[in-house]
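A short write-up of the structure that comes next.
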Amino acid sequence: MPQGGIEDGEDPKLAAMRELREETGIVSAEIIAEVPNWLTYDFPPAVKTKVNRLWGGEWHGQAQKWFLMKLTNDESEINLANGEADPEFAEWKWASPEEVVEQAVDYKRPTYEEVMRTFRPYLNENGIAAKCKSAKW
Numbered sequence: 001m002p003q004g005g006i007e008d009g010e011d012p013k014l015a016a017m018r019e020l021r022e023e024t025g026i027v028s029a030e031i032i033a034e035v036p037n038w039l040t041y042d043f044p045p046a047v048k049t050k051v052n053r054l055w056g057g058e059w060h061g062q063a064q065k066w067f068l069m070k071l072t073n074d075e076s077e078i079n080l081a082n083g084e085a086d087p088e089f090a091e092w093k094w095a096s097p098e099e100v101v102e103q104a105v106d107y108k109r110p111t112y113e114e115v116m117r118t119f120r121p122y123l124n125e126n127g128i129a130a131k132c133k134s135a136k137w
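According to full-length UniProt numbering, the sequence shown is numbered sequentially starting from 1.
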């Protein structure tokens with residue numbers, strides 16, 4: 001599931017749209033729901049070491065604001081490379097909320113469960129949600 005940082009002073013909704021565009025090439029989307037509160041998780045020691053080496057600094061975990069978006073164009077708009085030499089994702093697929101939770105790494109699973117619980121009422125009868133596979137993690 002695409003995600004990324006919010007710049008200083010940036011509106012979280014605009015940041016979500018920017019991250020979606022940067023990571024997937026999608027510009028034709030609308031926000032249809034949001035998790036009302038910020039969700040947090042801690043990095044396990046091995047991940048914390050890797051993250052601190054890659055990002056610099058002393059990171060302990062993340063606080064995230066989640067939005068559910070609807071693709072308003074067709075899938076041909078999805079372009080994971082999006083002109084970047086080192087794209088963030090290697091592949092994408094549509095997945096059920098259950099599959100998204102199942103495939104989440106252990107330390108993110110409670111966050112994904114909360115996100116899916118919140119968004120479930122907005123999903124179609126097939127429960128389709130987007131999930132991307134990271135090329136970097």
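The beta carbon of each residue, even a glycine, is placed where N, CA and C say it ideally should be.
Presumed contact (8 Å Cβ cut-off) between residue i and residue j, rounded CB distance
i     : j     : result
Trp92 : Ile78 : 6 Å
Asn82 : Glu22 : 7 Å
Lys65 : Pro2  : The pair is not a contact, with the Cβ atoms about 13 Å apart (cut-off 8 Å).
7 Å CB neighbourhood of residue i in its chain, flanking five on each side removed
i      : result
Met116 : Pro97, Val100 and Val101
Tyr112 : Val100, Val101 and Ala104
Leu20  : Pro2, Ile26, Ala29 and Met69
Contacts around residue i, its chain only, beta-carbon distance under 8 Å, and the 5 residues preceding and following it disregarded
i     : result
His60 : Asp42, Phe43 and Lys48
Own chain residues within Cβ distance below 6 Å of residue i, not counting five before or after
i     : result
Asp86 : none
Leu68 : Ile32, Ala33, Phe119 and Tyr122
Extent of the continuous beta strand (DSSP E) to which residue i belongs
i      : result
Ala104 : Taken as a continuous stretch (DSSP letters only), Ala104 belongs to no beta strand (DSSP E), as it is neither H nor E.
Trp92  : Phe89 to Ala95
Strand pairing of residue i, partner residues [DSSP]
i     : result
Met69 : Ile31
Gly61 : Asp42
Where the alpha helix (DSSP H) containing residue i begins and where it ends
i      : result
Leu14  : Pro12 to Thr24
Met116 : Arg109 to Phe119
Exercise. Would you check if there are 3 or more beta carbon pairs closer than 8 Å linking the region 22-40 to the region 62-78?
Key: Yes: at least three Cβ pairs fall under 8 Å.
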